[in-house]
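Protein chains: 2
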Amino acid sequence: MGDREDFMSRVNDLYRFEAIQGHLGWDQETIMPSKGAKSRGEILAWLAGQRHSRLIEPELGHLISRLENTEMDDFLAANVREMRRKFDEAVKLPNQFVSEFTKARSEALIAWQKARSDADFSQFESHLENMVALTQKKVEYLGTDNTPYDVLLDEYEVGMTVADYDPLFAGLKQRLVPLLAKIMKSDVIIPSLPEEMNFPVAAQEEFCNQVSKAMGFDFQAGRMDVSTHPFCAGLWPDDTRFTTRFDEKDPFSCLYAVMHESGHGLYEQGLPRDHSYSPVGMAVSLGVHESQSRFWENQIGRTSAFWDIAMPWFREQFPECPDWDSETLDLVANEVKPDFIRVEADEITYNLHIMIRYEIEKMIFNEGLAVKDIPATWNKMMKDWFGIDVPNDSLGCLQDIHWSMGAFGYFPTYTLGNLYAAQLLHTMSKELGNIEEIISSGDWSSMLTWLRTRIHENGSVMTPSKLIESATGNAPSPEAFLNYVESKYSKLYNL
Amino acid sequence: MGDREDFMSRVNDLYRFEAIQGHLGWDQETIMPSKGAKSRGEILAWLAGQRHSRLIEPELGHLISRLENTEMDDFLAANVREMRRKFDEAVKLPNQFVSEFTKARSEALIAWQKARSDADFSQFESHLENMVALTQKKVEYLGTDNTPYDVLLDEYEVGMTVADYDPLFAGLKQRLVPLLAKIMKSDVIIPSLPEEMNFPVAAQEEFCNQVSKAMGFDFQAGRMDVSTHPFCAGLWPDDTRFTTRFDEKDPFSCLYAVMHESGHGLYEQGLPRDHSYSPVGMAVSLGVHESQSRFWENQIGRTSAFWDIAMPWFREQFPECPDWDSETLDLVANEVKPDFIRVEADEITYNLHIMIRYEIEKMIFNEGLAVKDIPATWNKMMKDWFGIDVPNDSLGCLQDIHWSMGAFGYFPTYTLGNLYAAQLLHTMSKELGNIEEIISSGDWSSMLTWLRTRIHENGSVMTPSKLIESATGNAPSPEAFLNYVESKYSKLYNL
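As given, the protein sequences belong to chains P and R, one line each in that order.
The first sequence begins at 51 in my numbering and counts up one residue at a time.
The second sequence begins at 51 in my numbering and counts up one residue at a time.
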């Protein structure tokens with residue numbers, strides 16, 4: 051067997067283990083009986099161990115080194131590049147450290163759940179200190195010429211550093227804060243759902259299925275299920291599964307979760323199948339993944355053009371709903387309101403939520419902010435930027451799961467998703483023509499085809515920012531997003 | 051690491067791979083989207099390869115040999131015994147042969163599906179010849195001092211040979227054939243379901259859930275789903291899943307499938323969890339597994355005592371059903387009728403169906419019956435034993451999937467299940483008292499506890515026949531079963 055074949059066979063094995071982990075994780079979140087949790091945890095840990103011991107095999111390192119010195123096509127080169135990253139990281143981290151981290155994380159997760167439910171930061175404080183300390187140790191093991199926080203940012207969106215994010219966030223803040231102030235002063239009144247109405251689960255499911263199919267999600271190569279927190283799992287070639295949740299008082303919560311997760315699902319269904327079970331055949335980054343979900347959820351789904359098409363479907367399922375026009379539904383779906391919870395935020399305040407987390411993470415890892423000072427820092431920023439007083443830490447710095455899992459540096463990818471989506475929409479409209487007209491036509495296949503070619507089919511052959519540049523002609527930037535929200539919300543709120 | 055630890059760690063790894071295969075197989079049969087079939091087939095083949103390469107590692111063989119010469123407790127001894135079997139078999143079969151067999155089997159399976167649907171044996175003949183030839187080759191590789199068919203029988207029920215089955219089946223036939231003749235002459239009329247009635251799926255599900263819970267199946271440690279052919283998969287500690295199917299014209303089909311599969315499920319839920327992921331922690335054999343399903347399905351479920359308890363549950367779900375008494379339902383559930391299809395057969399004719407398959411398999415492997423002569427042989431036996439003319443091979447020798455999969459020697463375990471179940475019932479009634487009274491009381495926990503202690507908790511520490519002997523005081527024999535059916539059907543049919 052030649053080096054390339056040997057390398058690819060090892061890589062494929064690693065990614066097959068990962069796919070199995072993904073499948074058992076999906077099952078755990080959706081349909082596993084409750085008592086199965088213990089044995090599921092054990093088998094997932096065992097799979098992680100199987101995968102890790104293969105990843106650190108010295109022969110894999112030798113193969114990578116030898117291939118790095120040969121001529122390679124773009125796909126093999128991308129695989130070698132990504133495996134170099136993974137191999138180096140796995141080899142640099144001592145086994146004992148990885149176990150310690152894993153153990154601390156499960157303890158922190160349990161403490162966080164309790165602390166959030168009791169709105170009591172003190173229960174979580176020592177665990178968070180531990181996660182921060184272990185993460186700092188991890189940064190030391192990995193080593194860097196940049197700042198410590200850069201190491202963490204790079205884990206979630208390759209190539210992005212503080213030097214990239216700082217100007218990007220500054221640019222966003224400069225125009226989002228005044229826009230928000232203007233919206234707050236608008237006298238446009240947002241209608242609300244009639245309180246006495248009930249939206250049965252079966253009918254919501256039917257409606258959301260219809261929307262997801264219209265987007266192009268292939269239900270012969272995927273499924274929709276129910277879980278506490280909606281998510282999408284690529285799982286297997288031609289088997290992509292996403293989830294949603296149902297609230298009988300609010301059909302929009304499920305609808306936009308489905309559009310969001312279907313957007314992720316379309317990306318997974320469009321990945322290059324010739325390269326399954328290898329890095330280059332996977333989605334390139336969290337930021338690009340989020341751009342696909344946000345594109346469909348916000349830029350398609352939260353428009354009056356969408357409701358022109360979807361209102362008859364909606365009324366078919368809920369014949370007793372008020373006789374709203376699509377402009378009204380557009381307003382309902384786009385209400386802007388500075389509030390405490392990120393996952394419920396509108397398009398304007400969402401990125402401000404992210405920035406607060408980014409600034410605090412930067413302070414922790416680059417400027418030595420003490421964990422005990424996080425709540426006060428958080429609350430001050432909410433007051434300064436949103437003008438609201440955080441009543442307790444459950445509505446403040448305890449709301450997100452990420453830190454309890456040691457996922458520092460993850461949040462900014464959400465904002466990247468929003469920016470990328472706006473850049474894609476802008477270029478798409480230049481090439482395909484008026485997007486509102488396409489949405490109103492009900493045939494959305496041209497948009498999906500465009501995303502397939504520009505994004506999905508490229509897998510991870512380019513870095514995230516190169517991919518966005520190749521798809522849109524511009525490097526990642528906040529410009530398109532700001533133009534999009536300023537124009538959209540000026541119309542909605544008569545600014 | 052000592053030999054025992056090294057051995058057990060390797061064994062646990064093998065069985066973890068097997069559990070993953072089981073999980074992905076369950077998913078494939080129940081909820082996998084259709085286009086996922088190709089990648090699912092690939093990953094299952096990959097897992098089989100991963101497992102096989104670990105099984106044939108020479109160091110495992112050395113460990114087994116060394117342990118065989120040490121003092122071991124019963125559980126470790128059982129594990130070593132079973133791994134010796136598996137290791138020897140895996141090592142004796144050349145890789146190329148295993149691939150050839152696997153390939154021939156998938157082709158035969160496809161040909162069989164088509165042949166059955168077209169009722170055309172000629173489409174399947176050459177494939178079946180191939181499967182027989184490969185199976186004969188397999189017997190040669192494995193080697194034996196007994197007859198070739200004995201090698202195959204032993205694969206599915208360790209320790210059982212032609213010398214065991216022949217007298218057992220002869221004893222059965224001797225009393226079942228006259229019993230059947232008497233029943234056929236009885237003037238008892240079996241009522242049938244009102245044709246115009248519909249039994250909605252949701253109500254059937256509710257009813258069957260209630261029955262399964264009454265049996266003691268723990269739905270916090272298991273699930274019920276839907277598949278074309280009902281089955282039960284042990285999967286994981288505290289995560290056992292069975293399936294059923296729904297026919298809106300016939301609620302009994304689903305009910306008895308659920309009781310059957312819940313019986314399998316109770317066995318899985320009762321296995322010794324300290325020994326998970328090793329042979330001794332698994333169900334001991336197909337025959338014993340089938341005894342658990344048949345016990346609940348037939349000996350509990352097809353009685354008027356069962357209907358005393360279940361009729362109110364049934365009527366709650368189907369308020370418009372006729373006002374039958376439990377004796378009537380007992381008759382409906384126990385109708386005896388010589389017919390073509392095994393899986394739809396009653397308790398009397400079922401074992402005759404099995405015997406036809408056993409005799410033909412014995413003729414093929416021990417007496418050189420040519421594949422082309424199978425249909426005529428089959429049809430003659432159906433005429434001789436059942437008095438019916440097989441109109442086409444779909445209702446004859448093409449009805450079962452087993453031969454297309456090369457599973458020769460499997461069928462007799464179904465009959466063993468029936469015999470074991472009757473032996474268990476007989477001993478249970480001596481120890482717990484009148485079983486009809488226990489069933490009528492609605493509290494079935496004493497029966498489950500008895501099965502737990504006598505069967506489930508023993509895992510595979512004994513051979514199947516030793517387990518039955520230890521549970522009932524008697525070696526496997528047809529006596530208890532014959533007494534059971536003679537007494538039951540004499541009453542039902544006024545013989």
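A virtual CB, placed ideally from N, CA and C, is assigned to each residue, including glycine.
In the DSSP assignment, find the unbroken alpha helix (DSSP H) run with residue i in it and report its ends.
i: Cys371 of chain P; result: No alpha helix (DSSP H) holds Cys371 of chain P; DSSP gives it neither H nor E.
i: Cys282 of chain P; result: No alpha helix (DSSP H) holds Cys282 of chain P; the beta strand (DSSP E) holding it covers 282-286.
i: Glu519 of chain P; result: 514-522
i: Arg66 of chain P; result: 53-80
i: Lys541 of chain P; result: 529-542
i: Trp428 of chain P; result: 424-436
i: Lys88 of chain R; result: 87-105
i: Glu507 of chain P; result: Premise fails: Glu507 of chain P is in no alpha helix (DSSP H) and is neither H nor E.
i: His339 of chain P; result: 336-344
Is the CB of residue i under 8 Å away from at least one CB in chain R?
i: Ile106 of chain P; result: no
i: Pro287 of chain P; result: yes
i: Arg60 of chain P; result: no
i: Ile489 of chain P; result: no
i: Leu321 of chain P; result: no
i: Trp162 of chain P; result: no
i: His102 of chain P; result: no
i: Ile240 of chain P; result: no
Quick one: which chain R residues come within Cβ less than 9 Å of residue i?
i: Gly49 of chain P; result: Outside the shown range of chain P, which is 51 to 545, sits residue 49 of chain P, and nothing can be said about it.
i: Phe269 of chain P; result: Pro83
i: Trp96 of chain P; result: Asn62, Asp63, Arg66
Work out the CA separation of residue j and residue i for me, nearest whole Å.
i: Asp289 of chain P; j: Gly315 of chain R; result: 28 Å
i: Lys164 of chain R; j: Tyr306 of chain P; result: 45 Å
i: Ser537 of chain P; j: Tyr199 of chain P; result: 34 Å
i: Asp56 of chain P; j: Ile106 of chain R; result: 22 Å
i: Val421 of chain P; j: Leu117 of chain R; result: 55 Å
i: Val338 of chain R; j: Pro244 of chain R; result: 37 Å
i: Gly418 of chain P; j: Asn180 of chain P; result: 14 Å
i: Lys541 of chain P; j: Lys412 of chain P; result: 36 Å
i: Tyr408 of chain P; j: Gly459 of chain P; result: 7 Å
i: Arg90 of chain P; j: Glu397 of chain P; result: 37 Å
i: Asp297 of chain R; j: Val386 of chain R; result: 21 Å
i: Ser515 of chain P; j: Glu175 of chain P; result: 36 Å
i: Asp27 of chain R; j: Pro425 of chain R; result: Outside the displayed range of chain R (51 to 545) lies residue 27 of chain R, so it cannot be described from this structure.
i: Arg291 of chain P; j: Lys232 of chain R; result: 57 Å
i: Ile359 of chain P; j: Lys85 of chain P; result: 44 Å
How would you list, in chain order, the residues of chain R whose beta-carbon sits under 8 Å from the beta-carbon of residue i?
i: Ser89 of chain P; result: Trp286, Pro287, Asp288, Asp289, Ser326
i: Ile93 of chain P; result: Arg66, Ala69, Ile70, Trp286
Shorter than 8 Å from the beta carbon of residue i to some beta carbon of chain P?
i: Leu64 of chain R; result: no
i: His73 of chain R; result: yes
Counting only Cβ pairs nearer than 9 Å, list the residues of chain P close to residue i.
i: Ile391 of chain R; result: The contacting residues do not exist; Ile391 of chain R stays about 32 Å from chain P at best.
Taking 7 Å as the cut-off, is the C-beta of residue i nearer than that to any heavy atom in the ligand ATP?
i: Glu529 of chain R; result: The ligand ATP is absent from the structure shown, which contains no ligands of any kind.
Beta strand (DSSP E) segments (min. 3 residues) lying fully within the stretch 229-301 of chain R: 272-276, 282-286, 289-294
Secondary structure, alpha helix (DSSP H): runs of 4+ residues fully inside the stretch 457-492 of chain R: 462-482, 485-491
Within the stretch 347-403 of chain P, ranges of the alpha helix (DSSP H) (whole runs, at least 4 residues): With a minimum length of 4 residues, the continuous alpha helix (DSSP H) runs that stay inside the stretch 347-403 of chain P are 354-367, 376-383.
Complete runs of the alpha helix (DSSP H) confined to the stretch 108-184 of chain R [at least 4 residues]: Every unbroken stretch of the alpha helix (DSSP H) spanning 4 or more residues and falling wholly within the stretch 108-184 of chain R is given here in chain order: 108-118, 124-142, 145-168.
Segments assigned alpha helix (DSSP H), at least 4 residues, entirely inside the stretch 198-225 of chain P: 198-206
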